[in-house]
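In terms of my numbering, the sequence shown is residues 4 to 471.
Cβ atoms here follow ideal geometry from the backbone N, Cα and C, with glycine treated the same way.
These numbers come from a predicted model, not from an experiment.
Here is the structure we will look at.
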Amino acid sequence: MLCPVIIAGGAGTRLWPASRQQYPKQFLNLEGSSTMLQATLGRLKGLSTIRPTVICNEQHRFLVAEQLRVLGISNPHILLEPEGRNTAPAIALAALEARMNGDDPLLLVLAADHLIRDIGAFHAAINTAIPIAEAGRLVTFGIVPERAETGYGYIQRGEELECGGFGISRFFEKPSKEIAEEYLESGDYFWNSGMFMFRAGRYLEELEKYCPEVLQACQAALSTPSLDSDFIRITETDFLASPNISIDYAVMEHTTNGAVVPLSAGWSDIGSWQTLWQVSEKDSNDNVLMGDVIALKSKNNLIRAEDRLVSVLGVDGLVVVETKDAVLVTTLEHAQNIKEVVAEIKNKNRSEHLLHREVYRPWGSYDSISNGDRYQVKKITVKPGAKLSVQMHHHRAEHWVVVSGTAKVTKGENTYLVSENQSTYISIGEVHALENPGKIPLHLIEIQSGTYLAEDDIVRFEDKYGRV
């Protein structure tokens, strides 16, 4: 059976402002009815697999757990990286962990942020790869190119293998337009998808041969794993000693046992708004419209509205993306360069590259709907059965007004219920907690006032989510 390994790292900065550092693209619904992570897990249905392993950054752990819970995965296997170190170390952790009980499974390594439209073709390619990987090769999936794309790396195929697929002649970085056209015309080149299949042990053998520093760091980091609810934690200092290196640079470009299996399944890595426009369903004017949008006398645009009406008139080739706290307007031609905008936001010490106005937590979410000098107003949603940490604040007081549901409030030594249209007050320095004891979401308005209102003015005493 296959052991799926889903790599859910990355920031997706070219999809700003929808994608943020603390809520990157793999957790967004960009195309279809589910998030990209959920779609990746969903397309495993029909394959013979064991429980998947999801590798993610520490700060995204609750996002992953919640999205898996929505899929009905009640006992998720989530491996936490203290900091992203690229794909070679991430896959090494998964391979080492998979072998801890003495097994040596076939790993199917997938990125959480890819789009694949033809699931049947995807499954067929996987079934072609299985005997090749079982024979000891390290298999990657090469996307049959549809155009002369300059945004992807390429793989040149080598000799044809008996059981399907090809050997690998060479890997190539992102080419110029002229070279990409030569690759497309020759028929000997594939886009590098970043998806793989191999025995866990074979990958570790090749990693030890070609990049032993990664293996040593990951072995040390995983020597004493810590189980925290659904999460597997590793030793941070040991893991950060690993080189920051991709599996291509660390292993695949050096191994003599590589293989590539062609894949033509409507694949895209959704690397930019331009890419999303290319692969999305369009209207009669070649517009991709998402959300509450009115487009008149306009063509060849991608317009995405998340929070309010967006209207355009007489425009051509634009990208307009609206969120609660930011709006992007650019052209499809310049959509690849949105990292420059994100860099400028960082340079100005702003926070819009980090998180959205609405921030998700393991217990629910909060939306900062208004703020000013010495005050902030939040709409807070608490999931049924969830509880915020027992905490206090040095610099702010809070007034809670319940909009719907029932709140269980702990304030000092007292615990009491607050129902709809009722309120309670938390003074500065008072130890308190908020809980939803009901079966429906709890919605309340929180008015904060004080000299300092940032999130780091929280002193936690108890927390069911391990954040003390």
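Asked, Found
"Should residue 214 and residue 248 be called a contact, given that it needs their Cβ atoms to be closer than 8 Å?", "yes"
"Do residue 86 and residue 93 have their beta-carbon atoms positioned less than 8 Å apart in this structure?", "no"
"To test your reading of the DSSP string, which unbroken beta strand (DSSP E) runs of 3 or more residues are found completely within the segment 80 to 165?", "80 to 84, 109 to 114, 141 to 146 and 157 to 163"
"Using C-beta distances below 6 Å, list every residue in its chain close to residue 469, excluding the 5 sequence neighbours before and after it, in chain order.", "231"
"Determine which residues share a DSSP beta bridge with residue 231 and list them.", "234"
"Would you mind stating whether residue 158 and residue 171 have Cβ atoms separated by less than 8 Å?", "yes"
"Taking one C-beta from the segment 5 to 23 and one from the segment 47 to 65 each time, how about it: are there three or more such pairs within less than 8 Å?", "yes"
"Let me know if residue 439 comes out buried or exposed under the rule of 16 or more other beta-carbons within 10 Å of its beta-carbon.", "buried"
"Within 8 Å, do at least three Cβ pairs link the segment 291 to 305 to the segment 316 to 330?", "yes"
"Output the boundary residues of the alpha helix (DSSP H) element that contains residue 350.", "342 to 350"
"Threshold first: 4 residues or longer. Then list the alpha helix (DSSP H) segments lying entirely within the segment 6 to 92, N to C.", "39 to 45 and 64 to 73"
"Taking the alpha-carbon of residue 281 as reference, which of 353, 149 and 137 has the nearest alpha-carbon?", "149"
"What beta strand (DSSP E) runs, 3 residues minimum, are completely inside the segment 202 to 287?", "229 to 231, 234 to 236 and 261 to 266"
"Tell me the DSSP bridge mates of residue 402?", "428 and 450"
"Report back the beta-carbon spacing between residue 38 and residue 31 to the nearest angstrom; my notes put them in contact at under 8 Å.", "6 Å"
"Is residue 455 helix, strand or coil by DSSP?", "coil"
"Hey, how far is the Cα of residue 291 from the Cα of residue 78?", "37 Å"
"Could you pull the start and end residues of the beta strand (DSSP E) that residue 301 belongs to?", "No beta strand (DSSP E) contains residue 301, which DSSP labels as neither H nor E."
"Could you say if the segment 264 to 282 and the segment 109 to 127 meet the contact criterion of at least three C-beta pairs nearer than 8 Å?", "yes"
"Please report the residue range of the beta strand (DSSP E) in which residue 372 lies.", "367 to 375"
"Is it buried or exposed for residue 103, if we count other Cβ within 10 angstroms and need 16 for buried?", "exposed"
"Is the beta carbon of residue 168 less than 8 Å from the beta carbon of residue 138?", "no"
"Starting from the Cα of residue 275, find the closest Cα among 294, 20 and 88 and give me that residue.", "20"
"Got a sec, what are the start and stop residues for the alpha helix (DSSP H) residue 186 sits in?", "180 to 189"
"Buried or exposed: where does residue 346 fall if 16 or more other Cβ atoms within 10 Å of its Cβ makes it buried?", "exposed"
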